[in-house]
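K.L.:
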Amino acid sequence: MKNTSASPAPVRTRDPERTKGQILEAALSEFATNGYDGAKVHQIAKSAGCNARLIYHYFDNKERLYAAALRKIYSDIREREAELNLDALPPEQAVKQLTETTFDFFENNTAFLSITRSENLLGGRFISQMPEIQKMSAPFLDKISDALKRGHAEGVFRAGIDVLQLYVSIVALSAHHINASHTLSATFGRDISSVAWRQERRAHVVEMIQNAVALRESTA
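Mind the numbering: the sequence shown is residues 30 to 249 in my numbering, read in order.
Dropping the structure here:
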């Protein structure tokens with residue numbers, strides 16, 4: 030006799046980590062586009078393909094979701110920098126690769142610049158309450174400092190370079206033309222968003238940083 034009973038419907042299992050990842054990616058885009066105040070939870074839910082209740086289930090509230098987004102973008106750049114293994118590179122190569130990697134990261138991750146710009150407009154309200162970001166950043170400065178010390182010992186770098194000043198300079202040189210692309214292009218009549226100009230900029234920034242740390246020959 031033929032069995033006519035219906036087969037049980039397949040059970041849909043929830044993948045919490047995948048769902049949280051989708052929510053976080055949608056949040057990054059929303060916060061980058063609209064800032065913290067302008068971002069909408071319902072829009073994040075729509076982009077992530079879930080309902081807002083699920084966002085509150087995983088992240089409690091908008092503030093914690095924004096903090097998670099900040100943590101994610103800083104983790105991304107720290108992970109990219111860690112992959113350089115600066116302590117295993119000759120000093121000059123370490124500084125060159127650090128500069129190139131920082132420049133390329135900002136070029137390909139404009140959400141980082143948008144969200145950090147928004148956080149600065151908030152007076153650093155959220156990041157100042159996140160000591161884990163400082164904790165993940167400090168060891169990287171130590172690695173840059175070590176490369177500078179090795180370079181000085183080998184006679185290729187000058188003495189007395191402040192590691193934080195150097196890193197902030199690399200960041201500024203790598204990011205300002207992106208943050209001010211429209212105004213700079215209009216002011217000087219050059220499309221500084223073009224691929225050709227960005228390539229020239231990259232080479233210029235690398236050269237400037239290399240010259241900044243190099244040991245200067247005495248002219249006496």
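Glycine included, every Cβ here is placed at the ideal spot set by N, Cα and C.
Bear in mind the structure is a predicted one, so any value in this text is a computation, not a measurement.
What does DSSP give as the partner residues of ALA201 in its beta bridges?
P.N.:
For ALA201, which the question treats as bridged, DSSP gives no partner whatsoever.
K.L.:
Mind the definition here: the region 124-136 touches the region 84-100 only if three or more C-beta pairs lie below 8 Å; say whether that holds.
P.N.:
The region 124-136, when compared against the region 84-100, does not touch it at the 8 Å Cβ threshold.
K.L.:
Taking only the alpha-carbon atoms, compute the straight-line gap between LYS172 and SER198 and give it to the nearest angstrom.
P.N.:
Rounded to the nearest angstrom, the two C-alpha atoms are 17 Å apart.
K.L.:
Under the assumption that ILE102 contacts LEU150 (Cβ atoms under 8 Å), give the Cβ distance between them as a whole number of angstroms.
P.N.:
Incorrect: roughly 16 Å between the Cβ atoms, too far for contact.
K.L.:
Out of GLN72, GLY64 and ALA77, which one is the CA nearest neighbour of THR48?
P.N.:
Ranking the options by Cα distance to THR48, first place goes to ALA77.
K.L.:
For the ligand ADP, is there any heavy atom lying closer than 6 Å to the beta carbon of GLN228?
P.N.:
Judged by which ligands are present, the structure shown has none, so any question about the ligand ADP falls away.
K.L.:
From the DSSP output, in three-state form, read off PHE186 for me.
P.N.:
DSSP places PHE186 in strand when its eight states are reduced to three.
K.L.:
Look up ALA55 in the DSSP assignment and say whether it is helix, strand or coil.
P.N.:
Residue state, collapsed to three classes: helix.
K.L.:
Are the beta-carbon atoms of MET165 and ARG107 separated by less than 7 Å?
P.N.:
In contact: MET165 and ARG107 (Cβ atoms closer than 7 Å).
K.L.:
With a CB to CB cut of under 7 Å and the five nearest residues on each side skipped, what residues in its chain are close to VAL70?
P.N.:
Same-chain partners within the cutoff: ALA81, ILE84 and LYS91.
K.L.:
By alpha-carbon positions, which one of ASP220, ALA123, GLY153 and ARG219 ends up nearest to ASP175?
P.N.:
Considering only alpha carbons, the answer is ALA123.
K.L.:
In chain order, which alpha helix (DSSP H) runs of at least 4 residues are fully inside the region 39-124?
P.N.:
Complete alpha helix (DSSP H) runs here, min 4: 45-67, 70-77, 81-88 and 91-111.
K.L.:
Start and end of the alpha helix (DSSP H) containing LEU151?
P.N.:
Element bounds for LEU151: n/a, residue is neither H nor E.
K.L.:
Report all residues from its chain with a CB closer than 6 Å to the CB of GLU54; omit the five preceding and five following residues, and keep chain order.
P.N.:
Nothing listed; no residue qualifies.
K.L.:
Kindly indicate which three-state DSSP category ALA176 falls into: helix, strand or coil?
P.N.:
Note: ALA176 maps to helix in three-state DSSP.
K.L.:
By a C-beta neighbour count over all protein chains shown, 10 Å radius and 16 as the cutoff for buried, is LYS31 buried or exposed?
P.N.:
Any reading at LYS31 needs caution, since the residue's pLDDT is 48, under 50, leaving its predicted position unreliable; the model's value is listed next. So LYS31 ends up on the exposed side.
K.L.:
Since ILE250 and PHE60 are thought to touch, with beta carbons under 8 Å apart, how far apart are those beta carbons, to the nearest angstrom?
P.N.:
As displayed, the chain neither begins before 30 nor continues past 249, which places residue 250 out of reach and without an answer.
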